[in-house]
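Novice: Residue numbers (the UniProt record's numbering): 1 to 151.
So this is what it looks like as structure tokens:
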């Protein structure tokens with residue numbers, strides 16, 4: 001396990017990030033967390049994980065759910081059959097950085113228990129119906145993760 005401290009001062013996406021994500025990240029940071037295009041009006045955060053093999057910081061824009069004061073993200077991967085790379089990274093190294101609006105903070109990623117899944121899914125789908133379509137595309141159990149600020 002890589003235990004080097006993560007750069008929390010706006011880490012950059014790794015070279016493997018795609019151009020679309022790079023543009024969203026740049027717009028998010030330039031506008032204090034507000035973006036247009038596909039994410040206009042969505043609750044969006046930037047999640048920076050550390051690569052489980054490379055140790056490099058990797059930043060991903062994600063839609064999140066504010067749930068009873070908690071910040072929850074969904075390892076949906078657009079309904080793909082495999083978990084997204086960001087989830088595989090935080091499963092091994094749960095210390096992450098979260099950019100939420102103009103704020104940046106260290107957090108500990110904690111998977112939600114299966115007993116909470118359906119209730120949290122229902123709340124997310126009520127806010128963002130497209131998540132139901134993505135969820136229907138896959139047969140895997142989609143991990144839900146709480147991002148707990150480190151105090």
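Glycine included, every Cβ here is placed at the ideal spot set by N, Cα and C. A quick note: this is a predicted structure, and the numbers were derived from the prediction, not measured.
Suppose you measure from the CA of residue 74 to the CA of residue 145; what does that come to, to the nearest Å?
Specialist: Each residue's Cα considered, the two are about 6 Å apart.
Novice: In terms of alpha-carbon separation, which member of 99, 101, 23 and 72 lies closest to residue 38?
Specialist: Out of 99, 101, 23 and 72, 23 has the C-alpha closest to the C-alpha of residue 38.
Novice: Please report how far the alpha carbon of residue 141 lies from the alpha carbon of residue 151, in whole angstroms.
Specialist: So the alpha carbons of these two residues sit roughly 31 Å apart.
Novice: Could you give the DSSP three-state label for residue 10: helix, strand or coil?
Specialist: Any reading at residue 10 needs caution, since the residue's pLDDT is 44, under 50, leaving its predicted position unreliable; the model's value is listed next. Residue 10: coil per DSSP, three-state reduction.
Novice: Any idea which residues DSSP pairs residue 57 with across the strands?
Specialist: Per DSSP, 50.
Novice: Going by DSSP in three states, residue 90 sits in which element: helix, strand or coil?
Specialist: Residue 90 falls in the helix class under three-state DSSP.
Novice: Going by DSSP in three states, residue 137 sits in which element: helix, strand or coil?
Specialist: The answer is coil: DSSP assigns residue 137 none of H, G, I, E or B.
Novice: Between the segment 43–55 and the segment 87–94, are three or more C-beta pairs nearer than 8 Å?
Specialist: Result yes; three or more Cβ-Cβ pairs closer than 8 Å.
Novice: Alpha carbon to alpha carbon, how far is residue 85 from residue 33? Give it in angstroms, no decimals.
Specialist: Approximately 23 Å between the Cα atoms of the pair.
Novice: DSSP three-state call for residue 27: helix, strand or coil?
Specialist: Correct three-state label for residue 27: helix.
Novice: Within 10 angstroms of the Cβ of residue 48, are there 16 or more other Cβ atoms? Answer buried if so, exposed if not.
Specialist: Looking at its Cβ environment, which holds 16 or more other Cβ atoms inside 10 Å, residue 48 is buried.
Novice: Taking the alpha-carbon positions, what's the residue 29 to residue 60 distance?
Specialist: About 13 Å.
Novice: Expressed to the nearest angstrom, what Euclidean distance is found between the alpha-carbon atoms of residue 132 and residue 117?
Specialist: Each residue's Cα considered, the two are about 13 Å apart.
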